[in-house]
Structures are given as structure tokens and as C-alpha cells.
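Take a look at the structure set out below.
Protein chains in written order, with the numbering used here: chain C, 10 to 317; chain V, 4 to 291.
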């Protein structure tokens, strides 16, 4: 049965109904450290009572929904009284479902069941990073071109990632991927907020898009943050040496420079490209250049002609 | 089982049940105002969080929690921020708990902690320790055990203060007398439960006995010496008028000649003057 966390108070009969179904119900009330305690209890479903002081209800729902690792959590809003749901509720408070206090036991339990199964169904995202995958990425790029948005498309990938996996194991490799995802998402988010987009092509390939005006700054920050954090994924001896020993494709010993991040940015001013395939072609050229630079680096394509 | 180990077990259990550690109301107020301001960046908010031992430890607790799923232990605020994102930081700020009744000693301890963070950062850079920011963090949170006692054991806290002033002994000695363990050990237990990096755990646990640190006596020695330095220059307050005794082993380890010590003091003085702008601002908001 599920672990359900309830933020704010719930009527006694609702509590009894949920618990009699075999769910574990944990109450988090008061305002302090709500998020901390919420995370500490590893819930499957979160009930949030609408109308907690200081708009904490909205803030918590938004925080959960915007976090990569938490967005899959099903959030059910509980409205204190029956009546029309105010306009824009779901924009400012992107919950998954709701019920009114005083709803029948059957309804409440069904909604919770639905929330649990919905969580299980969310497979559209990359399972490792929970970022949108290829279809969303292509759609995003095409939208930039069609809507003539002055945005840049940035292709990110790791250098010497395969030998890293061989040397340190897949689990640790996966962690490097997740760290990279978090860094990109948060740098994009801080740089441009909702105007930005981050997707995970798969493996160690990512794509993000930001307005051309900030692409340089966001790339620089991603590279800086990555460089600061990637060191914690290497043993001290490898860090001191500046390289590590692994096997090449033929199984021979070879030395590899420490895993780094390369960003190839392609600005798409209106009219430069018509189709995302053209963007990808230019990106491949830029990538080749940036990969030849040592360590983590970015390069913004400065050619503006359509020929690429 | 001896009373001591029983007591420690009881204490560990109690630490696990800690729901929230309070922070200073003026800092919370300042941060709350910041997160409402659309122009404010994560780095600016981070710079203030980095000046509060409780918020810093909570942030590190979050980024190191299994639910966030980042297994490489993170020990600096800036790394934590980029991994958690601004939304999480904002919620942390808005939901942080504050002291119901703030005392002069709370501000004093906060200033002392800031001073130690500054001094340990200087020493870590001079000794070319990797990740010097982590050592500053350790300096900032080294007395988190005192906040635990203050917030979770209010009765004992008053007794400790009374014992220290009646007998003319240090707060630490009074803690040992009453609780059977000091704030260093208590703080160490807490940050261990919170899954902070081992370097931080040991720096906090052994800041009064740096040579007992199994893996990083050098770091513990830096915090130990910074603590003494800040008490000696009189920045903030550690709760009693005594400067803790200098551990000889740690002093040998730090290897600081007179000339270097003079340089450190000059460097420290400059940074403390800068810091004072902030501490005065906080004192002003608090009306202290």
C-alpha cells in the first residue's frame, strides 16, 4: 500500500478512510521545514490542503512539479469547501488531481488509486533523468524555427564517458549523467526561466534551448558548474594524475583525460534554418571543433548564413 | 551497558527526531524578502544562506538526502544550489523555522561561526587544501551542536549556562559535566545523520580534539585553530569568556610561524571588517 503525506489538516473521517484502506498517512503540518520533512518520508502520493497560510500550498506543489526527481510524485489538492475552482488554479498550482473536503470515501480512495497508477504510467520521460526525450526535443526545435523565435539550440555531450563507465562502473556513470542533467536544467532555469528547454536525447547526449541573447552566459555557467562538480566523481589518484587508465575498443590499455563536457551552440535567428535537420548538421560541425578543445568547453557558432 | 553509552544512544535517537533547527529571525526576514524579489539570483540568495549555519546545514542535508539521489556527498552551498535548483532553495527559505525568542547569545554565536568560517577559509587556501569552500562550511557549522542544545534541550541549556558562569568554566566543560558529551560530538552526530561529507563530519566532531580525527586531522586542526583565533580576536561570542586551549598536536600539524601568523591576522582583519557590514545590518534588523 502507498505512503501518503498530507500537508495541512484533513477531517478525521477522511483520515480513517485512507488508513482503513491500508495506506500509511503521515501528517506534515505547521510551516517549518515542510519540504525537508516531505522528502524525508519518501511518499508515493502527496495530499495538499488548499489555503495554507503564505500560499505555501502553491509553493510546495510548484516546487515538487518543477524538480526533476520529484515531478513524478502525484499531488492531490484538497479544497476545504465545495464550489467553483478559481480560474488559473492549475497554472499557479500544477497539481495532478483534486477533491473537496466531505467527498465520499469511495471518491477519495479512487482518486488516490488513480494518482498511484498515474505515477507508474509516466514513462514518457527519460527514466534516468526524467527529462523529455527525442520527440519533445525535435518538436521544440521545430517550434523555434516555425515561430521564428531568436533562440539557440545547444547540443551537450560528455567526452570520455564510455571509458569512465568502464573504469568506475555504470552506477557511477549514471550519477554523472544525472548530475549533468541537474546542472543544465538549473542553469537554463536560472538564466531564462520558462523560455528555456532541456531535453535528454539518451546516453550522455543532451539538448537545451535558450534565447540567443543569453546563450553564451548559460553555456559558460554550465561548463563552470560541471567542472566544479565532476571532480567529486573521480578517485583522488586519477584527479592528481589528470587522466585515468582504461581499455580502448580493442581491449588495449589506454590513458584517457578526465571526463569533460562539450557544448556546441547553434543560434537560430529567424530565417536561418527551416528544418531541424539543418540545425543538427551545423551542430555536428561545431561539435567537432569544440571536442578538439581540451577539457570542458563550449563554442557558439558565429556564422550567420543559412549554408552552415 | 554504561550510563554513557546509554546516554549517547538516547541522544542519537533524540537527534533523529529533530524536526527543525531555528535560524535567526532577521536572517529569515532578509531571505524571505529576497525570494519575493524577481530580480534576485540564486547566487545572491546563496551568499546569504552561506552566512547561516542552520540554513547551510539544512541545504546540505537536502542535497545529500537519498530522495534527491545524489550519492557524491556535497559540502558547499554553491554546489548544492546548482544541483537542487532555485525553486527548492526558495521553498527552503520560506519554510525555515526561526527562534521564537532570540537572545544576544544567539547573535553572538552566529557571528562567531561566521568568523570561524572566514578564518578556516583563509587557512585552507594557505595550506592548499582541496575544496577550501568545504572547509569554510565546516567552520560555519562547527558549533551546530550548540544550536541543537539550545533548541532541543532548553532546560539543559539554561543549566549549562548557569554551571559555566557559577563555576567559572567553559560552556564545553559544563556540557561535559551535565550531558556527558560536548557540543562538538553532538553536532558531529547530527551532521552524520544528515549524510554530510565525511570531511565535514570529522571537522565538526573533532574541533576540540583534532588529533582524534581518524581521517582528516589536518582539517579538524584548521577548524580548531580558527575557533581559537576568532575567540582570541573577539569576533562574536562563543557563550563564555574563555579561549579554548590550543591542542599541541594540532599546532604542530598546522606549522605556522610568527610571520605567517601575522599575515593571517592582517588578512583575517580585512575580511572581518567586510563581514561586519553584514552582521551590523542583521543586528540592526533585530533591534539588538
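Ideal placement from N, C-alpha and C gives every residue a C-beta, glycine not left out. All values derive from a computational prediction rather than experimental measurement.
- The beta strand (DSSP E) spanning residue 33 of chain C covers which residue range? In the first chain, residue 33 of chain C corresponds to position 24, counting from 1. 33-37 is the span of the beta strand (DSSP E), which, as asked, contains residue 33 of chain C.
- Using the DSSP secondary-structure output, state which residues sit across from residue 163 of chain C in a beta bridge. What you label residue 163 of chain C is simply residue 154 of the first chain in a count that begins at 1. The bridge partners DSSP lists for residue 163 of chain C are C:217 and C:274.
- Using DSSP bridges, identify the partner residues of residue 269 of chain V. Indexing the second chain from 1 puts residue 269 of chain V at position 266. The beta-bridge partner set that DSSP reports for residue 269 of chain V is empty.
- What is the residue span of the alpha helix (DSSP H) that residue 180 of chain V lies within? Looking up residue 180 of chain V in the second chain gives position 177. Per DSSP, residue 180 of chain V belongs to the alpha helix (DSSP H) from 174-182.
- Message: List, in chain order, every chain C residue whose beta-carbon is nearer than 7 Å to that of residue 82 of chain V.
- Response: Taking the first residue of the second chain as 1, we reach residue 82 of chain V at position 79. What residue 82 of chain V touches in chain C: 237 and 238.
- Query: Since residue 89 of chain V meets chain C, which of its residues come closer than 8 Å, beta carbon to beta carbon?
  - Reply: Here residue 89 of chain V corresponds to residue number 86 of the second chain, with the count starting at 1. The CB of residue 89 of chain V comes closer than 8 Å to the CB of 195, 198 and 199 in chain C, given here in chain order.
- Task: Could you pull out every unbroken alpha helix (DSSP H) segment of at least 4 residues lying fully inside the region 220-250 of chain C, listed in chain order?
- Result: Runs found: 221-239 and 245-250.
- Message: Residues of the region 41-55 of chain C in Cβ contact with chain V at a cutoff of 8 Å, in chain order, please.
- Response: Taking 8 Å as the Cβ-Cβ cut-off against chain V, the residues of the region 41-55 of chain C that qualify are 41, 42, 43, 44, 45, 46, 48, 49 and 51.
- Message: Assuming residue 83 of chain C is part of the beta strand (DSSP E), what are its boundary residues?
- Response: In the first chain, residue 83 of chain C corresponds to position 74, counting from 1. From DSSP, the beta strand (DSSP E) with residue 83 of chain C extends over 83-88.
- Message: Under 8 Å, Cβ to Cβ, is there at least one residue of chain V near residue 76 of chain C?
- Response: Taking the first chain and counting its residues from 1, the one referred to as residue 76 of chain C is at position 67. Chain V, which has a Cβ nearer than 8 Å to the Cβ of residue 76 of chain C, makes this yes.
- Message: Does any residue of chain C have a CB that is nearer than 8 Å to the CB of residue 94 of chain V?
- Response: The residue labelled residue 94 of chain V in the question sits at position 91 within the second chain. Closer than 8 Å to some Cβ of chain C, the Cβ of residue 94 of chain V qualifies, so yes.
- Does DSSP classify residue 317 of chain C as helix, strand or coil? Against the first chain, residue 317 of chain C aligns to sequence position 308. Low local confidence applies: a pLDDT of 38 at residue 317 of chain C is under 50, so the model's placement there is unreliable, with the coordinate-based value given in what follows. Assigned with DSSP and collapsed to three states, residue 317 of chain C falls in coil, not helix or strand.
- Task: Please list the segments of the alpha helix (DSSP H) lying wholly inside the region 37-76 of chain V, counting only runs of 4 or more residues, in order along the chain.
- Result: The DSSP assignment places 45-52 and 56-66 as complete runs of the alpha helix (DSSP H) inside the region 37-76 of chain V, in order along the chain (cut-off: 4 residues).
- Task: If I'm right that residue 214 of chain V touches residue 252 of chain V with Cβ under 8 Å, what's the distance once you round it to whole angstroms?
- Result: The residue given as residue 214 of chain V occupies position 211 in the second chain. The residue given as residue 252 of chain V occupies position 249 in the second chain. Rounded, the Cβ-Cβ distance is 4 Å, consistent with contact.
- Task: In the DSSP assignment, find the beta strand (DSSP E) that holds residue 15 of chain C and state where it starts and stops.
- Result: Along the first chain, read from residue 1 onward, the residue named residue 15 of chain C stands at position 6. For residue 15 of chain C, the uninterrupted beta strand (DSSP E) run begins and ends at 12-16, by DSSP.
- Item | Closest Cα partner of residue 218 of chain V within the set V:49, V:286, V:91 and V:201 | The residue given as residue 218 of chain V occupies position 215 in the second chain. Considering only alpha carbons, the answer is V:201.
- Task: Can you tell me which of the three DSSP states residue 31 of chain V falls into?
- Result: Stepping through the second chain from its first residue, residue 31 of chain V is reached at position 28. Helix at residue 31 of chain V.
- Message: Between which residues of its own chain and residue 316 of chain C is the CB-CB distance below 8 Å, once the five residues before and five after are set aside?
- Response: Within the first chain, residue 316 of chain C is the residue found at index 307, counting from 1. Only weak support exists for where residue 316 of chain C lies, its pLDDT of 42 falling under 50; the coordinates are left without a value.
- DSSP beta-bridge partners for residue 263 of chain C? Here residue 263 of chain C refers to the residue found at position 254 when the first chain is read from its first residue. Beta bridge pairing from DSSP links residue 263 of chain C with C:255.
- Just by C-beta distance, which residues in the region 241-253 of chain C are closer than 8 Å to chain V? From the region 241-253 of chain C, only 241 and 242 have a Cβ closer than 8 Å to chain V.
- Spell out the partners DSSP gives residue 180 of chain C in its beta bridges. Residue 180 of chain C sits at position 171 when you count from the first residue of the first chain. None, per the DSSP bridge assignment.
- Within 8 Å of chain V by C-beta, residues of the region 206-236 of chain C in sequence order: Against chain V - using a Cβ distance shorter than 8 Å - the residues of the region 206-236 of chain C are 234.
- Below 8 Å between beta carbons: does that hold for residue 149 of chain V and residue 242 of chain V? As a first step, residue 149 of chain V must be located in the second chain, where it is residue number 146. As a first step, residue 242 of chain V must be located in the second chain, where it is residue number 239. Residue 242 of chain V sits close to residue 149 of chain V, with the two beta carbons spaced by under 8 Å.
- Assuming residue 275 of chain V contacts residue 142 of chain V under a Cβ cut-off of 8 Å, what Cβ separation, rounded to an integer in Å, is found between them? For this step, residue 275 of chain V is matched to residue 272 along the second chain. For this step, residue 142 of chain V is matched to residue 139 along the second chain. The Cβ separation is near 13 Å, so there is no contact.
- Task: Compute the Euclidean distance between the alpha carbons of residue 143 of chain C and residue 270 of chain C, then round it to the nearest angstrom.
- Result: Counted from its first residue, the first chain places residue 143 of chain C at position 134. Counted from its first residue, the first chain places residue 270 of chain C at position 261. In this model, residue 143 of chain C and residue 270 of chain C are separated by some 20 Å (Cα to Cα).
- Residue burial classification, residue 10 of chain C (beta-carbon count within 10 angstroms, cutoff 16): Along the first chain, one-based indexing puts residue 10 of chain C at 1. Note on residue 10 of chain C: under 16 other CB atoms within 10 angstroms of its CB, so exposed under the neighbour-count rule.
- Message: Using CA atoms only, rank isn't needed, just tell me which of V:12, V:93 and V:66 is closest to residue 46 of chain V.
- Response: The residue given as residue 46 of chain V occupies position 43 in the second chain. For the residues V:12, V:93 and V:66, the minimum Cα distance to residue 46 of chain V belongs to V:93.
- Query: How is residue 235 of chain V classed by DSSP in three states: helix, strand or coil?
  - Reply: The residue given as residue 235 of chain V occupies position 232 in the second chain. Three-state result, residue 235 of chain V: helix.
- Message: Beta-carbon within less than 7 Å of residue 62 of chain V's beta-carbon, same chain only, minus the 5 sequence neighbours each way: which residues are those?
- Response: Locating residue 62 of chain V in the second chain gives position 59, where the first residue counts as 1. Taken in chain order, the residues that qualify are 52, 80, 83 and 95.
- Message: From the DSSP secondary-structure annotation, give me the bridge partner or partners of residue 274 of chain V.
- Response: If you number the second chain from 1, residue 274 of chain V lands on position 271. DSSP, once it has assigned bridges, lists no residue as partnering residue 274 of chain V.
- Message: Below 8 Å on C-beta distance, what does residue 72 of chain C contact in chain V?
- Response: Stepping through the first chain from its first residue, residue 72 of chain C is reached at position 63. Residues of chain V passing the Cβ test: 90, 91, 93 and 94.
- Item | Enclosing alpha helix (DSSP H) for residue 324 of chain C [first to last residue] | Any answer about residue 324 of chain C is impossible in this case: the structure gives chain C only from 10 up to 317.
- Name the chain V residues that come within less than 8 Å of residue 63 of chain C, Cβ to Cβ? By one-based count along the first chain, residue 63 of chain C stands at place 54. Identification of chain V residues near residue 63 of chain C by a Cβ-Cβ cut-off of 8 Å yields 97, ordered along the chain.
- Query: Where do the ends of the beta strand (DSSP E) carrying residue 109 of chain C lie?
  - Reply: For the purposes of this step, residue 109 of chain C is taken as residue 100 along the first chain, with counting starting at 1. 106-109 is the extent of the beta strand (DSSP E) around residue 109 of chain C.
- Task: Enumerate in chain order the residues of its own chain whose CB-to-CB distance from residue 85 of chain C is below 8 Å, with the five nearest sequence positions on each side excluded.
- Result: Translated into positions along the first chain, residue 85 of chain C becomes position 76. Cβ neighbours of residue 85 of chain C beyond the five flanking positions: 54, 55, 56, 57, 104, 105, 106, 107, 108, 120, 121 and 124.
- Of the residues V:33, V:12, V:104 and V:37, which one's Cα is nearest the Cα of residue 296 of chain V? Here chain V comprises residues numbered 4 to 291, so residue 296 of chain V is not present and cannot be evaluated.
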